[in-house]
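What follows is one structure encoded as structure tokens, with my remarks underneath.
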Amino acid sequence: MPAVPTTSPATGDPVPPYYIHTTAGHFVDTSGRTLLLRGVNLSGDNKYPIGHNSYTLDGFWESGETGNVSFVGRPFPLEEAGVHLERLRGWGMNFIRYVLCWEALEHAGPKQYDEEFIDYTIALLRKCKEFGFKVYIDPHQDVWSRWSGGSGAPFWTLHACGLEPRNFTATGGLIHNEYPDPKSPDPNKFPPMAWPTSYFRLPSMTLFTMFFGGRDFAPKCIIDGMNIQDYLQSHFIDAFTHLADRLREAGGLLDECVIAWESMNEPSEGFITLDDLTNFHEEQQLKIESCPTPAQALRLGSGMAQTVDFWTFKSTGPTKTGTVLVDPKGASVWLDQKHEPGSVSIKWGWQRDPGWKLGVCPWEQHGLWDKESGTMKILDYFKWSRNSESKRKIDFVAEYWLPFWKSWSQSIRKAHPEAIVFIQPPLFKPPPNMSESDMKGRVAYSPHFYDGLTMITRHWNWFNSSTIHVLRKRIHIIQSFKVGDESIKKNFQEQLALFREDVNENVGAYPVVLGETGTPFDVDSKRSYGMTHGGVYIGNHVQQQKALDASLGATDGSNVYNYTIWAYNSTHSWENGDGFNGEDLSIWSPDDHTYRRHVKFERLAKAAAEGKLPSVSIGSAEVPPDELEVDETAPVPPDEMEVKPVPLPSLLKSREAKNFEFLVDGARALGAFSRPYPIKTVGRPKHLSYNILQATFSMTVSVEPSDAPPEGLLERTGFKEKGLPTEIYLPLTTFSSPPTLFPVPTAEEGAEELLASRSGRSTPNKSRPSTPSPPHGKKKIGSRTPKQNLKELTKRSHSIQDAISRMHFAFAGDKSKVAAGYALHLSSDPPLPLQIPDDVLDIDVEVSGGSWELRGQTLLWYYPVPNEGTKTYTIKIKKRDPRPGSPSKAGKDEGCAIM
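Terminal number for the sequence shown in the numbering used here: 905, no gaps in between.
Laid out in structure tokens, this is it:
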């Protein structure tokens with residue numbers, strides 16, 4: 007690692023102690039330690055104003071047409087911020103991608119900024135700083151805006167582009183709250199991952215083409231004296247620059263907390279680069295539902311009926327399964343002239359050039375096609391470069407995205423001179439060749455990656471494919487298939503390694519931040535919410551944990567990437583997921599909180615006792631246990647009964663136990679996302695490996711003489727005696743020792759107390775009536791021992807299930823005692839602030855050199871920096887095996903020790 011500079015590459019000014027460099031492919035602090043920034047998107051809730059979501063039609067159109075909405079309180083009320091941020095920190099997170107839509111800033115109209123929301127944002131960012139987070143701002147959008155089927159831009163931008171959003175669904179669009187028909191919507195039937203196909207429907211293709219390429223492709227589209235491209239880009243950039251100005255004026259936030267800005271989430275090419283209007287766009291790999299070609303979309307947009315292909319997603323990918331007639335019945339997506347008498351907008355105030363006729367397709371006005379005959383005239387209008395004397399195909403990223411990025415970065419840096427500006431071209435597209443004079447030594451590459459197969463099928467499959475390699479034509483799709491969990495995980499790492507190649511080849515040695523990755527939690531027909539199998543899988547996230555571990559594990563290995571998981575949504579619910587187009591990716595849910603989960607469990611039990619849930623039969627509790635009947639085919643319908651919860655006792659009394667409870671409660675697939683990693687490394691981390699099932703973590707680090715801390719730093723930081731350490735986060739929920747957390751009873755005592763509480767009985771010793779044999783179609787789980795009974799309870803409790811998957815050796819390997827300890831209702835009062843004792847982790851540690859010590863959830867590893875050459879060190883950490891007779895190691899000075 008090169009010696010850390012003492013001045014800024016962007017301004018030349020001396021750097022303050024909190025400054026973060028982007029050098030040698032990593033984030034680096036002023037002590038020269040390599041930083042790994044890992045955290046979460048906060049949050050998907052920010053896509054919608056208060057009182058709105060994607061599935062509710064009431065007030066949807068009015069909220070845009072009036073601009074009368076508020077985002078104050080997104081992602082959560084300020085008074086609740088401490089609990090949420092403490093939880094994120096307790097999970098080991100130190101990085102937040104702050105999701106912020108253009109609509110939140112400028113919903114009331116052009117240049118009308120919501121200063122109240124900005125005040126709230128400043129206050130929330132101060133909270134983030136208080137809890138030690140670094141933040142980057144994400145100007146978020148999905149398929150342009152809420153009214154085109156996603157999120158992002160304010161409503162008035164669609165009118166500015168001459169569009170009438172109220173007619174989008176009738177003309178072939180997909181809007182969640184109007185699906186499948188505005189007159190009789192049923193948003194619960196909205197197909198998984200159908201919404202991204204809207205990027206290739208007429209409204210979004212038009213909007214993105216005008217935003218990025220209006221001057222070249224829509225020169226007649228002039229508004230307030232400027233081309234629509236300049237009008238849209240200037241308003242977008244000015245709105246976020248105004249936010250940056252306000253953050254600077256607030257003081258204490260820029261660089262100390264907010265370190266970076268993205269330019270736009272997942273930008274799209276629109277029509278640009280399209281080879282032929284009568285064929286699908288080359289980038290349109292995902293096809294679900296009705297999928298018109300661009301030519302058909304143009305006709306539909308002008309009210310002409312079209313028979314279009316209908317697609318479904320099968321195991322081999324998108325498959326055409328037929329055709330469907332889409333008949334707008336004359337409805338048009340083009341804004342009627344009545345909104346702008348005399349070419350002046352009644353509502354928004356702009357003046358449109360007379361050469362841009364409202365009510366008429368702008369692409370027809372530019373000669374692409376003829377409405378009267380429906381004929382396409384210039385099939386390759388969007389194919390050829392306008393910036394080359396010779397005829398060549400357009401390079402969208404270099405010719406249209408990069409100029410926008412330059413304008414964005416120049417404007418943001420006027421308010422935030424030391425800003426790290428993230429580079430995010432369209433999905434899976436490598437960045438262009440970039441000039442150091444534009445980057446100013448302050449950039450990072452921020453691609454996204456999702457397991458598309460799991461996202462669409464809502465199932466963790468035994469096979470997968472190498473999507474990025476196929477999209478980039480490096481391998482044939484037949485060669486891309488991988489079979490088995492380990493093969494899939496290895497393949498994901500190999501795919502993500504391409505991102506390092508991208509940045510090294512086209513940008514330079516700058517950090518990689520995986521801006522989004524995640525997994526759906528409503529897999530297998532929402533079985534984790536008790537909707538199938540008689541509710542026995544309620545709270546069980548084992549499959550989701552496998553999927554999320556595969557995606558996050560891909561950032562380890564030799565990739566060693568920074569990342570922010572999608573997402574943490576405080577308003578998530580089992581019924582409506584994230585509230586956005588049927589997505590369900592939040593890693594925390596109020597409905598998975600212990601109290602609410604047990605209320606739901608009791609409702610299921612009572613409904614079953616009353617014969618309202620024929621797919622499950624739960625008898626009175628005793629030891630030995632009840633019989634359980636499960637109809638594997640019948641779904642459990644959501645119930646709306648008002649049932650008083652049965653109070654469940656708590657065996658967890660200590661503060662340490664409450665810490666554990668606080669971190670586990672409401673978390674989903676916790677073992678996958680609260681994972682060990684080096685927060686700060688002396689030298690450069692070369693390889694990371696984490697095995698959830700074995701609870702093991704290993705790391706290799708490379709150290710050079712230049713990694714020695716700057717002169718005087720050790721004295722100032724209090725590390726003079728031992729030297730500067732590498733700091734490794736070790737999650738309490740994986741590496742803690744249950745005996746140090748709980749005054750735990752025997753398994754049988756715990757079972758008696760738990761089962762008695764669930765049945766409302768004071769003692770579990772009464773005999774239960776015999777249970778008749780189950781009817782045909784149900785399988786009977788026979789009489790069980792107390793240990794088997796606890797195993798069955800484990801299936802029904804999220805925190806138990808996740809804990810067992812992480813802690814195999816707890817209680818001398820007796821998983822039944824883990825169940826007894828975790829299954830009981832816990833205190834709802836969070837132990838804030840979290841104070842983790844130094845002796846709570848129970849681990850074996852082997853190091854190839856140096857010594858170590860524990861401070862809460864952080865392991866400090868000290869090793870000498872060589873005077874010459876390169877030195878490689880390794881560390882191996884494992885959850886200790888407390889079973890009698892297990893080998894014991896000791897002696898930190900000998901290179902291995904136990905804590």
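Virtual Cβ for every residue (Gly too), placed ideally from N, Cα, C.
**Request:** For the alpha helix (DSSP H) containing V853, list its first residue and its last residue.
**Result:** Not the alpha helix (DSSP H): V853 falls in the beta strand (DSSP E), residues I849 to V853.
**Message:** Let me check understanding here. Comparing Cα to Cα, which of F679, A714 and P711 lies closest to N697?
**Reply:** F679
**Asked** Since V518 and F505 are thought to touch, with beta carbons under 8 Å apart, how far apart are those beta carbons, to the nearest angstrom?
**Response** 5 Å
**Item:** Under 8 Å between C-beta atoms of A675 and H475
**Value:** no
**Item:** G98 classed as buried or exposed, judged by whether at least 16 other C-beta atoms fall within 10 angstroms
**Value:** buried
**Prompt:** Taking all protein chains shown into account, do 16 or more other C-beta atoms lie within 10 angstroms of the C-beta of H287, making it buried, or fewer, making it exposed?
**Reply:** Under this definition H287 is a buried residue.
**Request:** Report yes or no: do the region 427-437 and the region 253-273 share at least 3 C-beta pairs separated by less than 8 Å?
**Result:** Yes: at least three Cβ pairs fall under 8 Å.
**Message:** Quick check on W317: buried or exposed, where buried means 16 or more other Cβ atoms within 10 Å of its Cβ?
**Reply:** buried
**Prompt:** What does a CB cutoff of less than 8 Å around P5 pick up in its chain, not counting 5 residues either side in sequence?
**Reply:** As displayed, the chain neither begins before 7 nor continues past 905, which places residue 5 out of reach and without an answer.
**Message:** According to DSSP, is C227 part of a helix, a strand, or is it coil?
**Reply:** Of the three classes helix, strand and coil, the one that applies to C227 here is coil, per DSSP.
**K821 burial status per 10 Å Cβ neighbour count (16 or more: buried)** = Caution applies to K821, whose pLDDT of 33 falls short of 50 and renders its modelled position unreliable; the value that the coordinates give is listed next. Buried, since its Cβ has 16 or more Cβ neighbours within 10 Å.
**Prompt:** Which runs of the beta strand (DSSP E) fall wholly inside the region 84-162 and span at least 3 residues, in chain order?
**Reply:** 101-107 and 140-146
**Item:** Q549 to D528 span [Cα, whole Å]
**Value:** 11 Å
**Asked** Under three-state DSSP, which class holds W466?
**Response** coil
**Prompt:** At what residues does the beta strand (DSSP E) containing D315 begin and finish?
**Reply:** Q312 to K320
**Request:** Consult DSSP for R358 and reduce its assignment to one of helix, strand or coil.
**Result:** Three-state DSSP puts R358 in a strand.
**Message:** With distance defined between alpha-carbon atoms, name the residue in G540, V264 and N512 nearest to V403.
**Reply:** N512
**DSSP three-state assignment for N59, whether helix, strand or coil** = N59 falls in the coil class under three-state DSSP.
**Request:** Kindly list the residues whose CB is nearer than 8 Å to the CB of L84, restricted to its own chain and excluding five residues on each side of it in sequence; keep chain order.
**Result:** Y126, A129, L130 and K133
**Status (buried if at least 16 other CB within 10 Å, exposed otherwise) for R943** = Because the chain is modelled from 7 through 905, residue 943 falls outside the range shown and cannot be assessed.
**Prompt:** Short check: CB of P116 to CB of W354, under 8 Å?
**Reply:** Yes, these two residues count as a Cβ contact at 8 Å.
**Request:** Tell me, please, which residues DSSP counts as bridged to K532.
**Result:** None, per the DSSP bridge assignment.
**Request:** Report the rounded CA-to-CA distance for P749 versus I883, giving the unit in angstroms.
**Result:** Because P749 carries a pLDDT of 39, less than 50, the predicted location of this residue cannot be relied on, and the following value inherits that uncertainty. Distance between the alpha carbons of P749 and I883: 26 Å.
**Prompt:** Roughly how many angstroms separate the alpha carbons of L694 and L43, rounded to a whole number?
**Reply:** 14 Å
**Option nearest Y868 by Cα separation, candidates F725, C107 and G258** = F725
**Message:** What residue range does the beta strand (DSSP E) around I842 cover?
**Reply:** Neither: I842 is in no beta strand (DSSP E) and is coded neither H nor E.
**Item:** Proximal residues to G65 (C-beta, below 6 Å), its chain only, five neighbours per side dropped
**Value:** Nothing meets the Cβ criterion.
**Asked** Measuring CA to CA, which of E733, T740 and V688 is closest to A701?
**Response** When each option's Cα is compared against that of A701, the closest is T740.
**Asked** Residues bridged to C297 by DSSP?
**Response** D315
**Item:** Proximity winner among G718, E710, L720 and P737, relative to N873 (alpha-carbon distances)
**Value:** E710
**Asked** From K377 to S415, what does the alpha carbon distance come to, in whole angstroms?
**Response** 41 Å
**Message:** Can you confirm whether the region 550-560 touches the region 73-90 when touching is taken to mean that 3 or more C-beta pairs between the two stretches lie within less than 8 Å?
**Reply:** no
**Message:** With H, G and I counted as helix, E and B as strand and the rest as coil, what does DSSP make of F206?
**Reply:** helix
**Request:** Sort P23, P15 and Q501 by Cα distance to G718 and report the nearest one.
**Result:** P23
**Asked** Between G373 and the rest of its own chain, which residues show a CB-CB distance below 7 Å, the 5 nearest in sequence each way excluded?
**Response** K383 and I384
**Message:** List, from N- to C-terminal side, the beta strand (DSSP E) runs of 3 residues or more that fit wholly inside the region 658-687.
**Reply:** If we require 3 residues or more, the beta strand (DSSP E) runs fully inside the region 658-687 come out as 683-687.
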